[in-house]
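Heads up: the sequence shown is residues 0 to 204, going by numbering that gives the first Met the number 0.
Virtual Cβ for every residue (Gly too), placed ideally from N, Cα, C.
Remarks on the structure that follows.
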Amino acid sequence: MSVTQQSLLDAMDGVAMLLDHELRIKQIGEPNWARFRNDNSPQDPGGLERPAARVLGRPVTEFIAGDTVRATFADLFKSVLNGARSIVQLDFRCDAPALRRDMRLAVRPVKTDGQVRHLLYQSITLRVQQRPALPLFGTPVVDQDNDDILTLCAICARVAWPIGAPTGEREWIEPAEYYRRDGSDIALISHGFCEDCFAHIQDED
Ligand SMILES: [Zn+2]
0 MSVTQQSLLD AMDGVAMLLD HELRIKQIGE PNWARFRNDN SPQDPGGLER
50 PAARVLGRPV TEFIAGDTVR ATFADLFKSV LNGARSIVQL DFRCDAPALR
100 RDMRLAVRPV KTDGQVRHLL YQSITLRVQQ RPALPLFGTP VVDQDNDDIL
150 TLCAICARVA WPIGAPTGER EWIEPAEYYR RDGSDIALIS HGFCEDCFAH
200 IQDED
């Protein structure tokens, strides 16, 4: 009896996926994928409701909201494929309204015949804490960048304040602080990077 690639992915912590050279999802660890999509509907309602079989063959970047976030992650992942980086590892927040969720994403090269042809993408939950509900974490996220609506940093989950202010004239505040400043409930949010997180990602090696 041999250990298969699928059985290894199934045994891994968190959401584990094998990506091909175009960042397409080739295989997914099944048990945790099912649990993850049940946990995580608010951040990507369209993407994560799908059974694993329905996401196979699609680029993992399709499930990342925000043009800048999507393009930056695609560049990071490709830098592991082409050998410019040995790994991408980032801690980020993926909250639900009443849960603070600290996550870690790691993307590592997988070699075939000495060449990096695939990536192992693994997203694990480091810590989950209950907290008073912050409705903005249940708000649907638009696919594109949009500075006119509330923008949430995809890494640290701070939000740009005031809404609609140009870059350089906005500060990034904790979501709880948004409500303390009488920020109202909103219909849609966008994902981006605060300046601190963007600088950190560029330095990450
Ligand atoms: Zn940030």
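Checklist entry - What separation, rounded to the nearest whole angstrom, lies between the Cα atoms of Glu-21 and Pro-58? => result 7 Å
Checklist entry - Per DSSP, Pro-108 is paired with what? => result Leu-118
Checklist entry - By DSSP, does His-190 sit in helix, in strand, or in coil? => result strand
Next on the checklist: Within a Cβ cutoff of 6 Å, which residues of the same chain sit near Val-54, ignoring the five residues on either side of it in sequence?
Outcome noted: Ile-24
Checklist entry - Can we count Phe-192 as close to ligand 1, meaning its CB is less than 7 Å from some heavy atom? => result yes
Checklist entry - Buried or exposed: which applies to Gln-5, given that a residue is buried once 16 or more other Cβ atoms fall within 10 Å of its Cβ? => result exposed
Checklist entry - With burial defined as no fewer than 16 other Cβ atoms inside 10 Å of the residue's Cβ, what is the status of Val-68: buried or exposed? => result buried
Checklist entry - Quick one, are the C-beta atoms of Asp-144 and Gly-191 less than 8 Å apart? => result yes
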